[in-house]
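Numbering (our numbering), first residue to last: 65 to 184.
Just so you know, even glycine gets a beta-carbon here, dropped at the ideal spot from N, CA and C.
Inspection log for the structure reproduced underneath, given as structure tokens.
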């Protein structure tokens, strides 16, 4: 059974990911949720690590200076970062980080489409 904080985390993440083209949501047998684009993961929601985001090492280093972020266990060596129990005020920053994670995983044509839409 999920806590209300976990339900809010999932709902907010789904809301952001629903705006990202060709994103799919996968739930494994342990209740972990992964968002992917073309088979490449960019966001994970787990009970232990909270919200996990694909990043690069430079962004990871900057974010872990903030107390609320930490290196994701096991996959952190690839630049992934996590946040446990994000607060409502965190979602502006998290939306941008989810979008960046998507762009790291998306194929070039989706990245180009994203950039072109933002030029308008």
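- For the pair residue 166 and residue 106, the CB atoms are nearer than the 8 angstroms cut-off.
- According to the DSSP secondary-structure assignment, residue 81 is paired through a beta bridge with no residue.
- According to the DSSP assignment, residue 136 belongs to no alpha helix (DSSP H), since it is labelled neither H nor E.
- When C-beta atoms of the stretch 126–135 are compared with those of the stretch 85–100, fewer than three pairs fall below 8 angstroms, so the two segments do not count as touching.
- Here the alpha carbon of residue 114 sits roughly 6 angstroms from the alpha carbon of residue 147.
- Judged by DSSP secondary structure, residue 182 falls within the alpha helix (DSSP H) whose first and last residues are 172–182.
- If you check the CB distance, residue 145 and residue 119 come in under 8 angstroms.
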